[in-house]
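J.:
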Amino acid sequence: MSNIQTQSAEKPQFYLEEDHHPEGSTNLGFWLYLMSDCLIFATLFATYAVLGRNYAAGPAPADLFDLKLVAINTAMLLFSSITYGFAMLQMERGAKQETLFWLAVTGLFGLAFLGIELYEFHHMIHEGATPQRSAFLSAFFTLVGTHGLHVTFGIIWLVTLMVQVSKHGLIAENRRRLMCLSMFWHFLDVVWIGVFSVVYLMGVVG
Amino acid sequence: MTTNSTSHEDAHEAHHGHSHGHEAGHGSFKSYVTGFILSVILTAIPFWLVMGDVLDSKVATVAAIMIIGAIQIVVHMIYFLHMNTKSEGGWTMMALIFTVIIVAIALVGSLWVMHHLNTNMMVMSPEMMKNLP
Chain A
1 MSNIQTQSAE KPQFYLEEDH HPEGSTNLGF WLYLMSDCLI FATLFATYAV
51 LGRNYAAGPA PADLFDLKLV AINTAMLLFS SITYGFAMLQ MERGAKQETL
101 FWLAVTGLFG LAFLGIELYE FHHMIHEGAT PQRSAFLSAF FTLVGTHGLH
151 VTFGIIWLVT LMVQVSKHGL IAENRRRLMC LSMFWHFLDV VWIGVFSVVY
201 LMGVVG
Chain B
207 MTTNSTSHED AHEAHHGHSH GHEAGHGSFK SYVTGFILSV ILTAIPFWLV
257 MGDVLDSKVA TVAAIMIIGA IQIVVHMIYF LHMNTKSEGG WTMMALIFTV
307 IIVAIALVGS LWVMHHLNTN MMVMSPEMMK NLP
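As you go down the protein sequences, you meet chains A and B in turn. First residue of the first sequence? That's 1 in our numbering, and the numbers climb one at a time after it. First residue of the second sequence? That's 207 in our numbering, and the numbers climb one at a time after it.
#1: Taking Cβ-Cβ distances below 9 Å as the criterion, which residues of the region 42-68 of chain A are in contact with chain B?
#2: Below 8 Å CB to CB, which residues in the same chain sit around Thr74(A) once its five sequence neighbours on both sides are set aside?
#3: Taking C-alpha atoms, which residue in Tyr200(A), Ala56(A), Leu89(A) lies nearest to Lys236(B)?
#4: Say whether the region 159-179 of chain A touches the region 250-265 of chain B, bearing in mind that this needs 3 or more beta-carbon pairs closer than 8 Å, one atom from each stretch.
#5: Using 10 angstroms around the beta-carbon of Gly227(B), count the other beta-carbons present and answer buried if the total reaches 16, otherwise exposed.
#6: Let's see if you can read the secondary structure: which residues bound the alpha helix (DSSP H) around His288(B)?
#7: With H, G and I counted as helix, E and B as strand and the rest as coil, what does DSSP make of Pro59(A)?
#8: Verify the CB distance criterion: does Leu16(A) have a CB-CB separation below 8 Å to chain B?
#9: Along the region 82-98 of chain A, where does the CB come closer than 8 Å to a CB of chain B? Name the residues.
#10: Would you say the region 126-136 of chain A touches the region 95-114 of chain A, given that touching needs at least three Cβ pairs under 8 Å?
#11: Quick one: Cα of Asn290(B) to Cα of Pro332(B), how far?
#12: Within the continuous alpha helix (DSSP H) that includes Tyr119(A), where are the two ends?
#13: Tell me whether the beta-carbon of Met183(A) lies closer than 8 Å to the beta-carbon of Phe41(A).
#14: Is the Cβ of Lys292(B) closer than 8 Å to any Cβ of chain A?
#15: What do you reckon, are the CB atoms on Leu338(B) and Ala49(A) nearer than 8 Å?
#16: Assess, as a yes-or-no matter, whether the region 55-67 of chain A is touched by the region 130-140 of chain A under the definition of 3 or more beta carbon pairs within less than 8 Å.
#17: Quick check: the Cα distance between Asn174(A) and Leu181(A), rounded to an integer number of angstroms?
#18: What residue from Met335(B), Gly296(B), Thr240(B), Met334(B) has the CA that sits closest to Phe286(B)'s CA?
#19: I'd like the ranges of any alpha helix (DSSP H) spanning at least 4 consecutive residues and lying wholly in the region 42-94 of chain A.
#20: Under 8 Å between C-beta atoms, does Trp157(A) make it to chain B?
#21: Does the beta carbon of Trp31(A) sit closer than 8 Å to a beta carbon anywhere in chain B?
#22: Among Asp37(A), Val204(A), Thr47(A), whose alpha-carbon lies nearest the alpha-carbon of Ala312(B)?
#23: Just the C-alpha distance for Ala172(A) and Val70(A), rounded to the nearest angstrom, thanks.
#24: Since His186(A) and Ser81(A) are thought to touch, with beta carbons under 8 Å apart, how far apart are those beta carbons, to the nearest angstrom?
#25: Alpha carbon to alpha carbon, what distance is there between Leu118(A) and Thr152(A)?
#26: If we ignore side chains and look at the alpha-carbon of each, how far apart do Lys336(B) and Val205(A) end up?
#27: Gly324(B): buried (16+ other C-beta within 10 angstroms of its C-beta) or exposed?
#28: Would you decide whether Leu34(A) is buried or exposed? Buried here means 16 or more other CB atoms lie within 10 Å of its CB.
#29: Sort Thr83(A), Glu120(A), Gln97(A) by Cα distance to Thr207(A) and report the nearest one.
#30: When the Cα atoms are used, what is the spatial distance from Ser25(A) to Trp297(B)?
#31: Distance check for Met320(B) and Asn326(B), CA to CA, integer angstroms please.
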């Protein structure tokens with residue numbers, strides 16, 4: 001009887017010592033952050049859905065969007081998603097150099113995406129399609145710009161982690177950070193599916 | 207003492223097994239490539255539909271874009287974000303379901319309210335109707 005009591009008394013003590021739980025709660029906490037970020041994008045999508053056809057006699061999506069450029073942009077983000085996946089697989093193998101290599105490739109694809117997007121924005125603004133022109137363009141620049149800003153911060157985070165990994169190696173802390181950035185990066189790709197479907201493709205269809 | 211050590215052993219094994227299950231949640235080379243190929247196909251179809259002007263009806267094209275986009279989001283969730291009903295004791299799935307409901311309310315509610323606001327805002331003459339963009 002006393003034996004059983006000591007056993008049941010010792011068990012919770014062991015689980016408290018376990019250092020796995022903080023990591024688990026990091027994943028869940030970061031997931032909750034992503035879900036709240038999802039709500040930001042939902043409000044911006046709702047704004048675009050409401051205002052997206054108010055052109056104020058200005059340019060319409062069919063006049064502005066170059067779908068070939070958008071297709072290339074989508075490919076860049078998709079490539080960066082799978083190369084980040086390869087980085088995670090190398091991280092699990094404990095291969096530091098290979099992880100850094102795939103992270104660098106991911107960063108380059110991310111930069112290519114940003115470069116093409118900035119070129120598109122520059123082109124539109126040059127043609128007079130500025131955010132001030134119509135409600136459609138205000139909603140467009142807010143939604144697509146917020147996504148681009150997320151990608152920018154993702155790249156800054158990626159470079160920071162590359163420095164961390166090259167300095168300290170694939171320690172538990174860096175693995176946790178890489179896991180969080182992985183979720184963030186793939187989440188941005190999910191948001192981009194919504195952007196190219198709702199804004200670009202449905203905009204051009206009319 | 208012996209019971210103590212075995213319970214430790216069991217707990218360690220359970221912990222180990224758990225972390226293995228966790229690593230499996232990170233995905234394998236095969237699952238990443240599967241997700242990538244599915245994504246490429248699901249991206250190419252809507253772009254082809256719009257750029258090639260394949261379907262005659264606009265409604266059908268928009269419906270196809272929406273459905274394929276939704277499928278691709280699910281593909282990304284499973285193969286890249288490794289969503290399942292078991293991770294974190296099901297709490298990630300709970301958070302996701304909650305978010306999807308809120309997102310649906312925000313989108314449908316905004317469109318519904320603003321549509322009615324638009325149609326009820328002003329009495330329009332037939333001339334004004336014709337000049338609508």
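Idealized CB from N, CA, C, for every residue including glycine. Nothing here was measured: the structure is a model prediction, and the numbers come from that model.
T.: In terms of the structure at hand:
#1: Residues passing the 9 Å Cβ filter: Ala42, Thr43, Phe45, Ala46, Thr47, Ala49, Val50, Leu51, Arg53, Asn54, Tyr55, Ala56, Ala57, Ala60, Leu67, Lys68.
#2: Answer for Thr74(A): Trp192, Phe196, listed in chain order.
#3: Checking every option, the nearest Cα to that of Lys236(B) belongs to Leu89(A).
#4: In short, these stretches do not touch, since the Cβ pair count stays below three.
#5: Caution applies to Gly227(B), whose pLDDT of 38 falls short of 50 and renders its modelled position unreliable; the value that the coordinates give is listed next. Gly227(B) should be labelled exposed.
#6: Note, His288(B): premise wrong, no alpha helix (DSSP H); not H, not E.
#7: Coil at Pro59(A), not helix or strand.
#8: Interpretation of Leu16(A) is limited by its pLDDT of 49, a score under 50 that renders its predicted location unreliable; no figure is taken from the coordinates.
#9: Result list: Ile82, Gly85, Phe86, Met88, Leu89, Glu92.
#10: Result no; under three Cβ-Cβ pairs closer than 8 Å.
#11: Rounded to the nearest angstrom, the two C-alpha atoms are 54 Å apart.
#12: For Tyr119(A), the uninterrupted alpha helix (DSSP H) run begins and ends at 96-126, by DSSP.
#13: No; because the gap between Cβ atoms is not below 8 Å, this pair is not in contact.
#14: It does not; no Cβ of chain A falls within 8 Å.
#15: Taking 8 Å as the Cβ cut-off, Leu338(B) and Ala49(A) do not qualify as a contacting pair.
#16: Three or more beta-carbon pairs drawn from the region 130-140 of chain A and the region 55-67 of chain A are found closer than 8 Å, and the two stretches are therefore classed as touching.
#17: Between Asn174(A) and Leu181(A), the C-alpha separation is close to 10 Å.
#18: Distances from the CA of Phe286(B) to each of Met335(B), Gly296(B), Thr240(B), Met334(B) were compared; the closest alpha carbon is that of Thr240(B).
#19: Qualifying alpha helix (DSSP H) stretches, in chain order: 61-64, 67-93.
#20: Taking Cβ atoms only, chain B never reaches closer than 8 Å to Trp157(A), which makes this a no.
#21: It does: the Cβ of Trp31(A) has a partner Cβ on chain B nearer than 8 Å.
#22: Considering only Asp37(A), Val204(A), Thr47(A), the residue with the shortest C-alpha distance to Ala312(B) is Thr47(A).
#23: Their Cα atoms are separated by approximately 38 Å.
#24: In this structure, His186(A) and Ser81(A) form a Cβ contact; the two beta carbons are roughly 6 Å apart against a cut-off of 8 Å.
#25: Rounded to the nearest angstrom, the two C-alpha atoms are 11 Å apart.
#26: Near 22 Å, if we compare the C-alpha coordinates of Val205(A) and Lys336(B).
#27: Here residue 324(B) turns out to be Asn, not Gly, going by the sequence shown. Label assigned to Asn324(B): exposed.
#28: Result: buried.
#29: Outside the shown range of chain A (1 to 206) lies residue 207(A), about which nothing can therefore be said.
#30: Taking the straight line joining both Cα atoms gives about 10 Å.
#31: Cα to Cα, the separation comes out at about 10 Å.
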